[in-house]
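Structure first, then comments.
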Amino acid sequence: MIGWDWLTFFCAIFLGSCGAGLLYVFLRDSYRNLSKREK
Amino acid sequence: MSNYVANIDYIIIFLYIIMLITIGIYSYRKDSTYTDFMLAGRGMTTPMLISTMVSTYYGLDILFGSSEMAFNDGLMAFFGYALSSLAFYLFVAFYMSKKLRSANFVSLPEILEKTYGNKTSSIGAISSMVYCLPTTSLFALGRVSEFVFGIDANYGALLLGGIALGYTLLGGLKAVAITDTIQFSLMCITVAVGVPLLIHEVGGFVAIKELVPEGHFEFFGTVPPWLLLAYASSSLAILIDPSLYQRIFASQNARQARNAILSATAIWTAFDWLVVAGGIAALAAVSKGILVSTVHPNDAFLIAVTYALPIGLSGIFLAGVLATAMSTIDGYTLVAGSNISYDIYRPLVKPDATDKELVKATKISIVIAWTIGYLVAFQFERIMALLIFVTTVILSTVFVPLLMALFYKGKKTSLAGLLSCSFGLVSVFVYYIGLAKIGIYNETWGTYIWTFSLFGQEFSVWQEYSLFFCLPLSLLGFFIGNLFGVKSKGSTIRGGLK
Chain B
1 MIGWDWLTFF CAIFLGSCGA GLLYVFLRDS YRNLSKREK
Chain D
40 MSNYVANIDY IIIFLYIIML ITIGIYSYRK DSTYTDFMLA GRGMTTPMLI STMVSTYYGL
100 DILFGSSEMA FNDGLMAFFG YALSSLAFYL FVAFYMSKKL RSANFVSLPE ILEKTYGNKT
160 SSIGAISSMV YCLPTTSLFA LGRVSEFVFG IDANYGALLL GGIALGYTLL GGLKAVAITD
220 TIQFSLMCIT VAVGVPLLIH EVGGFVAIKE LVPEGHFEFF GTVPPWLLLA YASSSLAILI
280 DPSLYQRIFA SQNARQARNA ILSATAIWTA FDWLVVAGGI AALAAVSKGI LVSTVHPNDA
340 FLIAVTYALP IGLSGIFLAG VLATAMSTID GYTLVAGSNI SYDIYRPLVK PDATDKELVK
400 ATKISIVIAW TIGYLVAFQF ERIMALLIFV TTVILSTVFV PLLMALFYKG KKTSLAGLLS
460 CSFGLVSVFV YYIGLAKIGI YNETWGTYIW TFSLFGQEFS VWQEYSLFFC LPLSLLGFFI
520 GNLFGVKSKG STIRGGLK
């Protein structure tokens, strides 16, 4: 592995976790809002 | 149907489309106000704001454009092109977001209206509308549909673009932001998995270095420095992007807007690198015989990543690619529609329009904007040239008066706004038509170049250099207008906006 591989690896980890993380927070907030509205 | 796509992939894509329609129906509110419809009631959460910023701005034109540039020129696509936009995002985050959000505006031309009056804002609204027409995204969506479903590009764009139009009409920015969040996650996760797998497939960067030309690993490649500067200056469009402005206006407060832009910038940079790395790896895949040598540079990234991904994941990746296009179509169509209704119809035809009338006019305008975009999309052979042209138009027309409205503390007259817009707009057309007449079309670079000699030295003027001439003329128009005009009512918004 050379520098470019590491850069790609780092960007992939960052991007993947951003995608998954933001989706998780969005779904969690949506669920909370929905529960609040039902109450 | 494509050889690279399995049945399970089609099921995943189908489920994704069903989900988009469901979100559109869920977001529908019969009695929504204009702020609800256009700005989601200025109540978007931070994850939604980041997602909608990233996915709207990052369309297929950038996905395919950057990967094609990387395929042809290597690292230059990242260091010479993508990175130049980073500085402008940071500028928007630190110096513009607070001014824009705290003034409670609804649209970009409204800033011109408040500062210079209706005439300037109407020109600004027209150029903003033209810039936001979903032309390139619909064209690219059609091309992806051809690859994925094997259907004609016209029908693919009509069907999938029609779905994006449908949920935008039903739920406005709220539906757009919710779908963008899902689309954003799809884009990020699939590119994050697909590109490393592709690089692994061709043997990592050690193998790639041996498989592609040496010049591909030079930071600025073989592109002429003036052209690099022209590419970088086209990134100025970020400072006046109507869709980015709409997201800033839709944020809960200035701090949230700034943080969302900073997060989005980091994500864009990572995304850009992966797309560029994927483009270079696609060329290596061609050299290695994994991909056929006749593959078009524009399609190479899409085909190579689909090839590298296992069945199922390639379906998610293709849904992510469709998402990239649809999230751009919905976001920009919404803004183009509001330019017609809020920035042209309201001030010029019906200043006392009620909220209900504005929402109705906006929905009709969205359909008009989408239809124009669709009709234009398949009329041009060189769609990237069209994209560069509309970017030049909005920059030359709006850039100077808008930044002056925000940052110039001196006198601002209505005539200054009008002349600045008009000088910029006219100069673009004169430059483009003039260069097409006196220049020669260069097949290699796909542009018109005029070469002339002066004092024994040879100079070349490219079509891409238009901003070097049009922006100074727009600035000249501003100062001439300020010299002869009377202070406009709106120019009381001094030192930018409250």
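Residue numbers (this note's numbering), protein chains in the order written: chain B, 1 to 39; chain D, 40 to 537. All C-beta atoms, glycine included, are put in the ideal place defined by N, C-alpha and C.
Hey, how far is the Cα of D:V262 from the Cα of D:R81? 43 Å
So with Cβ pairs under 9 Å, would you call D:W312 a contact of chain B? yes
Taking only runs that begin and end inside the stretch 223-302 of chain D, name each unbroken beta strand (DSSP E) of 3 or more residues, in chain order. none
I need the straight-line Cα distance from D:S274 to D:Y73, nearest angstrom please. The alpha-carbon of D:S274 is positioned some 31 Å away from that of D:Y73.
Identify the continuous beta strand (DSSP E) that holds D:Y346 and give its terminal residues. Careful: D:Y346 lies outside any beta strand (DSSP E), inside the alpha helix (DSSP H) at P336 to A347.
Alpha helix (DSSP H) containing D:T572: first to last residue? Examination of residue 572 of chain D is not possible in this model, given that chain D is present from 40 through 537 alone.
For D:L536, which of helix, strand or coil comes out of DSSP? Confidence in D:L536 is poor, its pLDDT being 37 and thus under 50, which makes the residue's placement unreliable; the coordinate value appears in the next sentence. It is coil, neither helix nor strand.
Find out if the Cβ-Cβ distance for the pair D:G317, D:G233 is shorter than 9 Å. yes
Could you check what DSSP says for D:T38 in three-state terms: helix, strand or coil? The shown model of chain D, from 40 to 537, leaves out residue 38 of chain D, and the question about it has no answer.
Hey, could you find the ends of the beta strand (DSSP E) D:I479 is sitting in? From DSSP, the beta strand (DSSP E) with D:I479 extends over I479 to N481.
Give the range of the beta strand (DSSP E) segment to which D:V406 is assigned. Careful: D:V406 lies outside any beta strand (DSSP E), inside the alpha helix (DSSP H) at D394 to A416.
Please identify the residue among D:T220, D:L454 and D:A203 whose C-alpha is closest to the C-alpha of D:Y371. D:A203
Stretch-stretch touch, CB-based, cutoff 8 Å, three pairs: the stretch 246-260 of chain D with the stretch 376-386 of chain D: no
Let's test the definition: count the other Cβ atoms within 10 Å of the Cβ of D:W312 and tell me whether it reaches 16, buried, or not, exposed. Taking a 10 Å sphere around the C-beta of D:W312, we find 16 or more other C-beta atoms and assign the residue as buried.
Does the Cβ-Cβ distance between D:V6 and D:S123 come in under 9 Å? Any question about residue 6 of chain D goes unanswered here, given that chain D covers just 40 to 537.
When you compare the CB of D:P86 with every CB in chain B, is at least one pair closer than 9 Å? The beta carbon of D:P86 falls within 9 Å of a beta carbon belonging to chain B, placing the residue at that interface.
At what residues does the beta strand (DSSP E) containing D:V500 begin and finish? Taken as a continuous stretch (DSSP letters only), the beta strand (DSSP E) holding D:V500 covers Q496 to W501.
Hey, could you find the ends of the alpha helix (DSSP H) D:P390 is sitting in? No alpha helix (DSSP H) holds D:P390; DSSP gives it neither H nor E.
Distance CB(D:I52)-CB(D:A358) smaller than 9 Å: Going by beta carbons, D:I52 and D:A358 fall inside the 9 Å limit.
Excluding the 5 residues preceding and the 5 following D:S332 in the sequence, name in chain order all residues of the same chain whose CB lies nearer than 8 Å to its CB. V325
Residues within the stretch 348-379 of chain D neighbouring chain B, beta-carbon criterion of under 9 Å: none
Find the nearest neighbour of D:Y97 within the set D:T175, D:A142 and D:L147, judged by alpha-carbon distance. D:T175
Let me see if you follow: with CB-CB separation under 9 Å, is D:S326 close to chain B or not? No Cβ of chain B is located within less than 9 Å of the beta carbon of D:S326.
Just verifying my parser: in three-state terms, what is the DSSP assignment at D:S530? Caution is warranted here: a pLDDT of 45 is assigned to D:S530, below 50, making its placement in the model unreliable, and the coordinate value is therefore given only provisionally. In this structure, D:S530 counts as helix in the three-state DSSP scheme.
Just verifying my parser: in three-state terms, what is the DSSP assignment at D:T308? helix
Run through chain D and tell me which residues come within less than 9 Å of B:L34, C-beta to C-beta. Chain D residues near B:L34: none, gap ~10 Å exceeds 9 Å.
Is it buried or exposed for D:D191, if we count other Cβ within 10 angstroms and need 16 for buried? Around the beta carbon of D:D191, fewer than 16 other beta carbons lie within 10 angstroms, which makes this residue exposed.
Note down, in chain order, all residues in the stretch 222-243 of chain D with a beta-carbon under 8 Å from any beta-carbon belonging to chain B. F223, S224, L225, M226, C227, I228, V230, A231, V232, V234, P235, I238 and G243
Among the residues of its own chain, which have a CB less than 6 Å from the CB of D:I368, if the five just before and after it don't count? P173, S176, G200 and A203
Segment contact flag, the stretch 76-96 of chain D with the stretch 19-26 of chain B, C-beta cutoff 8 Å, min 3 pairs: yes
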